[in-house]
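In this text, residue positions in the sequence shown follow our numbering: the first is 1, and each later residue adds one.
Just so you know, even glycine gets a beta-carbon here, dropped at the ideal spot from N, CA and C.
So the structure is just underneath, and the comments pick up after that.
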Amino acid sequence: MATGKEAAHDVFQKSLFYLPILALVVISFFPLYWLLITSLKPLTELYAMPPKLIVLDPVFQHYRSVFEQPFGEYYRNSAVVACYTLVLSLVFGYMIGYAVSRLRFRGKQLILLVVVATSMFPPMTMVLPIFVGLRDVGLLNTFLGLGLTHAAFSLPMVVWILSALFKEVPQELEEAALIDGYNRLQAFFRIMLPLAAPAMATASILVFVNSWNEFLFAFTLMSEASMRTLPVGIMMFPGEYEFPWSTISAAIVVSVVPLVLVILFFQKRVVQGLTNGAVKG
1 MATGKEAAHD VFQKSLFYLP ILALVVISFF PLYWLLITSL KPLTELYAMP
51 PKLIVLDPVF QHYRSVFEQP FGEYYRNSAV VACYTLVLSL VFGYMIGYAV
101 SRLRFRGKQL ILLVVVATSM FPPMTMVLPI FVGLRDVGLL NTFLGLGLTH
151 AAFSLPMVVW ILSALFKEVP QELEEAALID GYNRLQAFFR IMLPLAAPAM
201 ATASILVFVN SWNEFLFAFT LMSEASMRTL PVGIMMFPGE YEFPWSTISA
251 AIVVSVVPLV LVILFFQKRV VQGLTNGAVK G
């Protein structure tokens, strides 16, 4: 009898642990599921009451309608901007993170303060000065200009992720490399760079996702129709007299696919990057 009570108590404890997790998963994924079924519903079922949660007769016309728009161009624009942002954020974040965690020099705390301060300003307050600055140097309506803007807001996160890893890497590894004949630059690339790969993968995904989804600066700094990114292009889908819910849902589903693939592909690297404090000396 005691054994039965213990088993029931164990099941109850597991239920208390797993039910909130299950609820969180359902709440998190339901909007994406709703977008998916909306993109597959015929127009006759779109406004049905009560709404149907399962599509028995899916249609793919809405996806064809998406690609009849200049959606491929928006896709390319978002990819180019995200790549600019990724390269700029990782290159400068890697160098700054290494410098503030390894090197001793005056003003190190000031550099950290300046880097972190950029993330403290609401993006809305920075639109006008960034717009004027990019206009003055001729970078409005350019991928580089938008990539620089995204990188400026992603840099603090990259610096903190990489500096946290570099602080955990034993100093003796670099010293041994220097004794073996490497100079500081060779040790930097051949020793520290491979060790930083998991953290860089984590930072890369976060930077890529933020740049891919960013709307405010993409809408403000890219006024030409041919330079629109995906979020701006999807926002421009509604017509003058109608709101094509199914087509917009299909466009959002298609825009999410690259993010899901990137996260699934780098999943192990992300876990390693988030646990970079496990490096032992």
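*Hey, how far is the Cα of residue 199 from the Cα of residue 55?*
In the sequence shown, residue 199 corresponds to position 199, counting from 1. In the sequence shown, residue 55 corresponds to position 55, counting from 1. Roughly 41 Å between the two C-alpha positions.
*asked:* Here's a check: name, in chain order, each residue in its chain whose Cβ is nearer than 8 Å to the Cβ of residue 13, leaving out the five neighbours to either side.
replied: Residue numbering aside, residue 13 sits at position 13 when the sequence shown is read from its first letter. The answer is none, since no qualifying residue turns up.
_So residue 246 and residue 41 are supposed to be a Cβ contact under 8 Å. How far apart are they, rounded?_
Working through the sequence shown from its first residue, we reach residue 246 at position 246. Working through the sequence shown from its first residue, we reach residue 41 at position 41. So it is a contact: roughly 6 Å between Cβ atoms.
*Secondary structure at residue 114, three-state DSSP: helix, strand or coil?*
In the sequence shown, the residue the question calls residue 114 occupies position 114. Here residue 114 sits in helix by DSSP.
*Report the option in 152, 216, 228 whose CA atom is closest to the CA atom of residue 91.*
Against the sequence shown, residue 91 aligns to sequence position 91. Residue 91 has its Cα closest to that of 152, out of 152, 216, 228.
*asked:* Spatial neighbours of residue 203 within its chain, please: C-beta separation below 6 Å, excluding the five flanking residues on both sides.
replied: Locating residue 203 in the sequence shown gives position 203, where the first residue counts as 1. Here the set comprises 158, 161.
*asked:* If contact is defined by three or more beta carbon pairs under 8 Å, each pair taking one atom from either stretch, is the segment 206 to 223 in contact with the segment 79 to 88?
replied: yes
*Starting from the N-terminal side, write out each stretch of the alpha helix (DSSP H) that is 4 residues or longer and does not extend beyond the segment 138 to 202.*
143 to 168, 171 to 179, 184 to 187
*C-beta atoms of residue 174 and residue 191 nearer than 8 Å*: Locating residue 174 in the sequence shown gives position 174, counting from the first residue. Locating residue 191 in the sequence shown gives position 191, counting from the first residue. Cβ atoms of residue 174 and residue 191: closer than 8 Å.
*CB-CB under 6 Å to residue 98, same chain, minus the five flanking residues each way: which ones, in chain order?*
Reading the sequence shown from its first residue, position 98 is the one you call residue 98. If we look at residue 98 and ignore the five residues flanking it on each side, its Cβ neighbours are 166.
*In terms of alpha-carbon separation, which member of 45, 182, 181, 116 lies closest to residue 93?*
Along the sequence shown, read from residue 1 onward, the residue named residue 93 stands at position 93. The shortest C-alpha separation from residue 93 is found at 116.
*Kindly indicate which residue of 265, 257, 114 has the alpha-carbon position closest to the one of residue 33.*
Taking the first residue of the sequence shown as 1, we reach residue 33 at position 33. Looking at the Cα atoms, 257 is the closest of the given residues.
*If you check the beta carbons only, do residue 215 and residue 149 fall under 8 Å apart?*
Your numbering for residue 215 matches position 215 in the sequence shown. Your numbering for residue 149 matches position 149 in the sequence shown. Contact flag unset, no.
*How far does the alpha helix (DSSP H) with residue 93 in it reach, from first residue to last?*
Indexing the sequence shown from 1 puts residue 93 at position 93. Per DSSP, residue 93 belongs to the alpha helix (DSSP H) from 71 to 102.
*Report the three-state DSSP secondary structure of residue 136 (helix, strand or coil).*
In the sequence shown, counting from the first residue as 1, residue 136 sits at position 136. In the structure shown, residue 136 sits in a helix (DSSP, three-state: H, G or I).
*Is there contact here, the segment 63 to 74 with the segment 221 to 234, by at least three beta-carbon pairs under 8 Å?*
yes
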